[in-house]
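Here is the structure we will look at, set down as structure tokens.
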Amino acid sequence: MADRKQRWFGMLNGSTLRALETKPFTQTARAFLTDGGPERPAGDEATERRSGAPPLAADPPQVEDASPPPLAAAPSAEVASPAPPAAPLRSQEALPAPGFEEAPAEFVTEESSVELWSPAAQQLHEIPSLDGEWIAAKPLREQSLLRLMLTHDAIRSALSDGPVVEVRASADGRLDCLVPFAAAMEVNANDSKEAQRAIRSLKNDISMLFLHNALQYLTETRQFLGLCFSKLAIGGVLVISVPHQFLYERKLRLPSRRNRFHRRFYTSNVLLADVEEAIDPSEFRVRFLGESDAGYPYREGLGGSPGGGQDILLAVERLERPPWRGDMDNDEIWTGTPTKPPRFLPLDRKAPTQIRIIAPDPLAAKRIILVKLDHRGDFMMATQAFQTLRTGFETAHLTLVCGSWNAAEAERSGYFDEVIPFDFFAEDDSARTEMPPRAALIAEFGKRMAGKPYDLAIDLRLYDDTRELLQKIEARNRAGFDRYDAFPWLTIRLNTPSASDDDRGETGVIPANVFHASTATGHKAYEIAFEEPFTPAGQQTLIWGPYQQLKPGRYQLECLIDPLGDEFDLAFDIVKDHGTVTIAAGLLPVRRKARPIIDLMVVETIPEFELRLFGRAAVPVKPFRFRGLRYTRPGVFRGVHQSEAMVLLAHLVQMRMHDAFTTELV
Numbered sequence: 033m034a035d036r037k038q039r040w041f042g043m044l045n046g047s048t049l050r051a052l053e054t055k056p057f058t059q060t061a062r063a064f065l066t067d068g069g070p071e072r073p074a075g076d077e078a079t080e081r082r083s084g085a086p087p088l089a090a091d092p093p094q095v096e097d098a099s100p101p102p103l104a105a106a107p108s109a110e111v112a113s114p115a116p117p118a119a120p121l122r123s124q125e126a127l128p129a130p131g132f133e134e135a136p137a138e139f140v141t142e143e144s145s146v147e148l149w150s151p152a153a154q155q156l157h158e159i160p161s162l163d164g165e166w167i168a169a170k171p172l173r174e175q176s177l178l179r180l181m182l183t184h185d186a187i188r189s190a191l192s193d194g195p196v197v198e199v200r201a202s203a204d205g206r207l208d209c210l211v212p213f214a215a216a217m218e219v220n221a222n223d224s225k226e227a228q229r230a231i232r233s234l235k236n237d238i239s240m241l242f243l244h245n246a247l248q249y250l251t252e253t254r255q256f257l258g259l260c261f262s263k264l265a266i267g268g269v270l271v272i273s274v275p276h277q278f279l280y281e282r283k284l285r286l287p288s289r290r291n292r293f294h295r296r297f298y299t300s301n302v303l304l305a306d307v308e309e310a311i312d313p314s315e316f317r318v319r320f321l322g323e324s325d326a327g328y329p330y331r332e333g334l335g336g337s338p339g340g341g342q343d344i345l346l347a348v349e350r351l352e353r354p355p356w357r358g359d360m361d362n363d364e365i366w367t368g369t370p371t372k373p374p375r376f377l378p379l380d381r382k383a384p385t386q387i388r389i390i391a392p393d394p395l396a397a398k399r400i401i402l403v404k405l406d407h408r409g410d411f412m413m414a415t416q417a418f419q420t421l422r423t424g425f426e427t428a429h430l431t432l433v434c435g436s437w438n439a440a441e442a443e444r445s446g447y448f449d450e451v452i453p454f455d456f457f458a459e460d461d462s463a464r465t466e467m468p469p470r471a472a473l474i475a476e477f478g479k480r481m482a483g484k485p486y487d488l489a490i491d492l493r494l495y496d497d498t499r500e501l502l503q504k505i506e507a508r509n510r511a512g513f514d515r516y517d518a519f520p521w522l523t524i525r526l527n528t529p530s531a532s533d534d535d536r537g538e539t540g541v542i543p544a545n546v547f548h549a550s551t552a553t554g555h556k557a558y559e560i561a562f563e564e565p566f567t568p569a570g571q572q573t574l575i576w577g578p579y580q581q582l583k584p585g586r587y588q589l590e591c592l593i594d595p596l597g598d599e600f601d602l603a604f605d606i607v608k609d610h611g612t613v614t615i616a617a618g619l620l621p622v623r624r625k626a627r628p629i630i631d632l633m634v635v636e637t638i639p640e641f642e643l644r645l646f647g648r649a650a651v652p653v654k655p656f657r658f659r660g661l662r663y664t665r666p667g668v669f670r671g672v673h674q675s676e677a678m679v680l681l682a683h684l685v686q687m688r689m690h691d692a693f694t695t696e697l698v
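Each step along the sequence shown adds one to the number in my numbering, with nothing skipped, and position 92 is 124.
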């Protein structure tokens, strides 16, 4: 037994062992002392090896030697009297720290150099077997996750092969490991560089690295996942568990109602997308993706904290890099042509059917109300629109709602049968007159309009801020401007852009501090610097961001990038929709006297665009610095003048009402 302990503790260095006297077990990282070790087979060979691995049942094991008392979280179990450490196990169903009794010499340090624990420390940190009693002692949620892990061959094989490392985030309040014989590591959830530095301290050729509900706490996951994967042996397995958004969080958007430290929500799709972004898909295969919900109380309300399974479990196996992977990068055809949108939207047959019914409206427009609440200049520009409506509806009763400062001019014009003054805006914005809240003004307008039915209500203001008032008017038809298809309840809509609002040019700089970068950089507030040359083994994302909105228009994106030595080319792409749609891609020339400019045509608003700079496989990346992105969107002339737009709306209303129809969405 003593020899067995020394072999296990030999996986730790001296400083780590000393720390165990004062730190909980799960706060201690077991860093492997040597690189190398037997290489595990990839692909089919790894599958064959798994098929011959002893099964890891959750039944209580029978062991030959007695162990000190287990952790407080695990109930004590009867054991047989001690026997020589080399004696074989009675049952292959047992899993007492498997793989470590016969640990390869490469993983074992000289026993004379190992600092032994005190008896108290040995009792505190004893590692129990992964048996039925250990599982039963866990909360229902962790029981469900453990049993799900043990149902799949890839995870069972990795557990039996060893070594196994379990990683937990510092914000997680749990103190014990889920896998009792795993080397435990805690990473700083608030400092991405420190978290990645901790993973780098591990030696290579790990059989299984288990990220136990850690990703949702971390500030950055892409580089972290890549580093974790790099520590696996060929044939090793990266196992990730995260809380399920619709089982644990039960919330559509952040923040979490159950843990304020959660930075992101996960579904199976989101988790797999994160892994595929971080790791070259040619170097791993998904061996298991499942959702743990055993014992979950689906009927419990949102105010509770349900127990039972509520996690997502993903296992990916590392493969040897295929020899053809480099040819894929060389074969890639970089293009600046935007992704062409499809002509037709896909039909979702599971979604409820929407039917729009269009029918003639035989009733004449006898009572019409116009809303024009603008200031004096805008009111004067509506004169021709007033005249068009008066001429088009000669016999109708025409009512105007306007600011009190325009009421006298409206009455003198002779176009209106009734004028209702209502101050929705201040007469002079520069005077900073105190006005009632917007909600109070809308409610007051509704009271003024109560009991006054109309056949047609028209809002002649080009901007959207008064459109809501039309809904306070009892009218069969409503007409107005709808630039962004935001008011489907309008009967008559004119979708014309605003020359002063939608078509104006803009320019600005997106600084480097809103971009993300790999950790081999000097990331300052004003620049990201790669000061040393390197050659990526595979395609590596160096810089990515800024996840900002792009309005429709033609853009020039000037990449503020300079070489610190030799000139070279850097691959880039611009994507949207979480990297699923490519807008532009190509090679970025990094030159001393000229910065690269990317021409981009944006057809529709992009909520979050992402620029990514790549290092290509086997292509040297020279030192450079990146200081952000300067964007320019020239002004365009699509919209008509405001006075013209109001006349167009007046004519459209006249045409539609003379051959009127109604619509209803069922």
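For glycine and all other residues, C-beta sits at the position ideal for the given N, C-alpha and C.
Residue 565 has its alpha-carbon roughly 12 Å from the corresponding atom of residue 657.
Judged by beta-carbon spacing, residue 249 lies within the 9 Å limit of residue 295, meaning their Cβ atoms are closer than that value. The residue from 349, 167 and 298 with its alpha-carbon nearest to that of residue 240 is 349. Residue ranges of uninterrupted beta strand (DSSP E) with 3 or more members, entirely inside the region 600-625 and ordered along the chain, are 600-608 and 613-622. Taken in chain order, the whole alpha helix (DSSP H) runs of length 4 or more contained in the region 432-471 are 439-445. Residue burial annotation: residue 205 is exposed, with fewer than 16 other C-beta atoms found within 10 angstroms of its C-beta. Between residue 496 and residue 459, the alpha-carbon positions lie close to 19 Å from each other.
In the structure shown, residue 255 falls within a helical segment according to DSSP collapsed to helix, strand and coil. Residue environment analysis places residue 625 among the exposed positions, since fewer than 16 neighbouring C-beta atoms fall within 10 angstroms of its C-beta. In the structure shown, the three-state DSSP call for residue 175 is helix. By alpha-carbon distance to residue 608, the top candidate from 576, 311, 500 and 183 is 576. Contact between the region 511-529 and the region 538-548 is absent, with fewer than three C-beta pairs closer than 8 Å. About 19 Å separates the Cβ atoms of residue 489 and residue 515, ruling out a contact at the 8 Å cut-off. For residue 504, the closest alpha carbon among the candidates 352, 289 and 433 is that of 433.
It is roughly 27 Å from the alpha-carbon of residue 651 to the alpha-carbon of residue 233. Nearest Cα to residue 588 within the set 476, 498, 561 and 661: 661.
Taking every protein chain shown into account, the CB of residue 436 has fewer than 16 other CB atoms within 10 angstroms, so this residue is exposed. Cβ-Cβ distances below 6 Å link residue 692 to 393 in the same chain, with the five nearest sequence neighbours on each side left out; the list follows chain order.
The three-state reading of DSSP puts residue 289 in coil, since its state is none of H, G, I, E or B. Between the region 616-636 and the region 594-602, the count of Cβ pairs shorter than 8 Å is three or higher; the stretches touch. In this structure the region 215-234 does not lie against the region 172-181, because fewer than three pairs of beta carbons, one per stretch, are closer than 8 Å. Beta-bridge analysis with DSSP links residue 660 to 543.
Membership of residue 509 in the beta strand (DSSP E) is indicated by the continuous run 507-513.
The secondary-structure analysis by DSSP pairs residue 644 across a beta bridge with 576 and 605. Counting other Cβ atoms within 10 Å of its Cβ, residue 337 stays below 16 and is therefore classed as exposed.
With a beta-carbon spacing of about 7 Å, residue 343 and residue 245 fall inside the 8 Å limit used to define contacts. With respect to residue 634, residue 584 sits close: the two C-beta atoms are nearer than 9 Å. Listed in chain order, the non-local C-beta contacts of residue 456 below 6 Å within the same chain comprise 405 and 473, local neighbours out to five positions each way being set aside.
The criterion of a C-beta distance shorter than 9 Å is not satisfied by residue 398 and residue 491. Using a C-beta cut-off of 8 Å, the region 311-318 makes contact with the region 257-276, since at least three inter-stretch Cβ pairs fall below that distance. For residue 685, the three-state secondary structure derived from DSSP is helix.
Of the candidates 259, 202 and 212, 202 places its Cα closest to the Cα of residue 219. Per the coordinates, the alpha-carbon of residue 594 lies some 38 Å from the alpha-carbon of residue 265. Shown here, residue 260 sits in a helix according to DSSP, grouped into three states. By the CB criterion at 9 Å, residue 199 and residue 257 fall outside the cutoff.
Runs of the alpha helix (DSSP H) spanning 4 or more residues and lying entirely within the region 287-366 occur at 300-310 and 357-363, in chain order.
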